[in-house]
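In the UniProt record's numbering, the protein residues as written are 1 to 233.
We treat Cβ as the ideally placed atom computed from N, Cα and C, and that holds for glycine.
Following: one structure in structure tokens, then a few remarks.
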């Protein structure tokens with residue numbers, strides 16, 4: 001897990017991300033810039049508390065911000081990006097890359113989202129501690145029902161597309177929220193070389209943890225070629 005900062009001096013940590021190599025962080029395209037602080041400028045990894053980072057924390061400057069070429073901020077599609085770091089991370093048991101999901105049909109029925117975002121819709125601030133939540137994959141039919149009022153509008157003119165992954169708890173009570181954007185939706189792996197496989201990037205939602213309001217994640221398997229060609233050319 002990575003956290004993304006904005007500003008040069010009074011840095012504000014507003015988005016999440018995932019380590020996928022010692023040089024690159026995977027995140028959301030809408031996290032490339034903050035409305036009040038400007039472009040993403042810093043990345044921290046190896047921490048579970050923003051106030052007390054601990055000895056394992058590593059900080060890097062952002063050297064390059066790379067949005068997916070088809071991303072447009074006016075709509076919700078293709079919300080995925082990469083941050084190239086100014087120098088490599090030192091990989092260790094606390095700082096290690098996650099794997100990328102290659103299956104379009106993701107095994108299992110649920111995945112884990114993580115981040116430092118808000119813990120309720122009414123809150124104005126994010127969590128200082130890294131939070132995790134297990135969310136169910138939501139069927140296309142149920143997701144379309146949840147976003148029926150948005151389909152065909154300016155932000156979703158083409159409806160829900162195949163590179164979206166819908167996840168949440170339809171009964172409400174658990175969800176990602178503002179500040180979790182760019183962070184991972186991931187499933188646990190049994191392989192010793194990789195603890196998690198990232199299935200999605202936190203993108204957008206309607207409300208946080210409301211009934212019948214799942215969130216939308218950018219499906220990693222739809223962008224593997226672009227990621228691999230950028231990170232490992």
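Considering just the uninterrupted stretch of the alpha helix (DSSP H) at residue i, what are its terminal residues?
| i | result |
| --- | --- |
| residue 227 | 224–231 |
| residue 81 | Taken as a continuous stretch (DSSP letters only), residue 81 belongs to no alpha helix (DSSP H), being part of the beta strand (DSSP E) at 81–85. |
| residue 61 | Per DSSP, residue 61 belongs to no alpha helix (DSSP H); it is in the beta strand (DSSP E), 58–67. |
| residue 143 | 140–146 |
Is the Cβ-Cβ distance between residue i and residue j less than 8 angstroms?
| i | j | result |
| --- | --- | --- |
| residue 44 | residue 86 | no |
| residue 6 | residue 28 | no |
| residue 209 | residue 172 | yes |
| residue 20 | residue 89 | no |
| residue 201 | residue 174 | no |
| residue 12 | residue 37 | yes |
| residue 177 | residue 117 | yes |
| residue 124 | residue 50 | no |
| residue 197 | residue 76 | no |
| residue 46 | residue 3 | no |
Residue i and residue j look like a contact to me (Cβ under 8 angstroms); what is the Cβ gap, rounded to whole Å?
| i | j | result |
| --- | --- | --- |
| residue 101 | residue 231 | Residue 101 to residue 231, Cβ: 15 angstroms. No contact. |
| residue 147 | residue 156 | 7 angstroms |
| residue 63 | residue 84 | 5 angstroms |
| residue 205 | residue 17 | At roughly 18 angstroms, the Cβ-Cβ gap does not stay under 8 angstroms, so residue 205 and residue 17 are not in contact. |
List the DSSP bridge partners of residue i.
| i | result |
| --- | --- |
| residue 166 | 216 |
| residue 283 | Outside the shown range of the chain (1 to 233) lies residue 283, about which nothing can therefore be said. |
| residue 187 | 197 |
| residue 155 | Answer is none; residue 155 lacks a bridge partner. |
| residue 33 | 39 |
| residue 100 | 198 |
| residue 111 | 135 |
| residue 45 | 2, 58 |
Check for me: the beta strand (DSSP E) holding residue i runs from which residue to which?
| i | result |
| --- | --- |
| residue 2 | 2–6 |
| residue 134 | 131–137 |
| residue 26 | 24–27 |
Inset, instruction - Answer yes if the stretch 187–199 comes into contact with the stretch 103–115, meaning at least three C-beta pairs across the two stretches below 8 angstroms, and no otherwise. - result: yes
Legend entry - Sufficient close CB pairs (3 or more, under 8 angstroms) joining the stretch 205–224 to the stretch 157–174: yes
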